[in-house]
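Engineer: Take this structure, written in structure tokens, and hold onto it; I'll ask about it next.
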Amino acid sequence: NAGVTQTPKFQVLKTGQSMTLQCAQDMNHNSMYWYRQDPGMGLRLIYYSASEGTTDKGEVPNGYNVSRLNKREFSLRLESAAPSQTSVYFCASSDPRVWAEAFFGQGTRLTVV
Amino acid sequence: RKEVEQDPGPFNVPEGATVAFNCTYSNSASQSFFWYRQDCRKEPKLLMSVYSSGNEDGRFTAQLNRASQYISLLIRDSKLSDSATYLCVVNRRDDKIIFGKGTRLHILP
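Residue numbers (this note's numbering), protein chains in the order written: chain A, 629 to 741; chain B, 40 to 148.
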């Protein structure tokens, strides 16, 4: 019973490098989300996808791109990493009913030096 | 103004005491409400949904006041294991899920 799987769990990047964070869910959820969490800031929505083939900006989309490859997978790409993108990234999925619970991956701890 | 606001705490509470957290939301199009719990360096997990009629789950009681756009969580007979960050969460009609910054709770032995 995997739920939401994120890879990698840890990553160190140099400024200017690119990388893609992978997320997959096996619960047949339509909605998927990417958040970042910084100390004292709570979880802030970067991008979300209400269904396969659609994506929408959240609160802090600058510096990121996303791809909803299929219903299961939603990836987050940093094209040119900056130290300000050092954070913990969480992927989540949800069935878009009114009282539906969101399920989270274990997070990716990214450091940009 | 943040869309979902919470007192960040920390709340330092002796074991066995009752503690209450509040949360306000600004988007009247919000349609469902939740409390999540997050332990240090872990992913958030659902604690309970918050229904208009109020709901209780063991030592936990949640209330929603749509007119005042206010959500509350009450923890009775607090345990050491209740120490965590409690996140107020709002699902909007456009499917966005918005989190408050969280309230840190420390239960003291």
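Glycine included, each C-beta is placed from N, C-alpha and C at the ideal position.
#1: What beta strand (DSSP E) runs, 3 residues minimum, are completely inside the segment 47-101 of chain B?
#2: For the beta strand (DSSP E) holding residue 727(A), just list the boundary residues, first then last.
#3: At which residues does the beta strand (DSSP E) containing residue 647(A) begin and terminate?
#4: Would you say residue 60(B) faces chain A, with C-beta separation under 8 Å as the test?
#5: Who are the near neighbours of residue 42(B) in its chain, counting only those whose CB is closer than 6 Å to its CB and skipping five residues on each side?
#6: Reducing DSSP to helix, strand and coil, say where residue 634(A) ends up.
#7: Taking the C-alpha atoms as reference points, what is the distance between residue 652(A) and residue 662(A)?
#8: Could you check the C-alpha separation between residue 678(A) and residue 54(B) for me, to the nearest Å?
#9: Out of 632(A), 727(A) and 704(A), which has the shortest C-alpha to C-alpha gap to residue 83(B)?
#10: At which residues does the beta strand (DSSP E) containing residue 666(A) begin and terminate?
#11: Which residue or residues does DSSP assign as beta-bridge partners of residue 123(B)?
#12: Please report how far the alpha carbon of residue 176(B) lies from the alpha carbon of residue 133(B), in whole angstroms.
#13: Looking at chain B, is there any beta carbon in it that lies within less than 8 Å of the beta carbon of residue 733(A)?
#14: Using beta carbons (cut-off 8 Å, strictly below), is residue 88(B) in contact with chain A?
Structural biologist: Considering the structure as presented:
#1: Complete beta strand (DSSP E) runs here, min 3: 50-53, 58-64, 69-77, 84-89 and 94-96.
#2: Segment: none, residue 727(A) is in no beta strand (DSSP E) and carries neither H nor E.
#3: Run containing residue 647(A): 647-653, per the beta strand (DSSP E) assignment.
#4: No, residue 60(B) lies away from the interface with chain A (no Cβ there is under 8 Å from its Cβ).
#5: Answer for residue 42(B): 65, 66 and 137, listed in chain order.
#6: DSSP places residue 634(A) within a strand segment (E or B) once states are collapsed to three.
#7: Their Cα atoms are separated by approximately 12 Å.
#8: Cα to Cα, residue 678(A) sits roughly 42 Å from residue 54(B).
#9: The residue with the shortest Cα to Cα distance from residue 83(B) is 632(A).
#10: Residue 666(A) -> beta strand (DSSP E) spans 659-666.
#11: As DSSP reads the structure, residue 123(B) sits in a beta bridge with 144(B).
#12: Since the first residue shown for chain B is 40 and the last is 148, residue 176(B) is missing from the structure and cannot be characterised.
#13: Taking a beta-carbon distance threshold of 8 Å, residue 733(A) counts as an interface residue toward chain B.
#14: Among the CB atoms of chain A, one or more fall inside 8 Å of the CB of residue 88(B).
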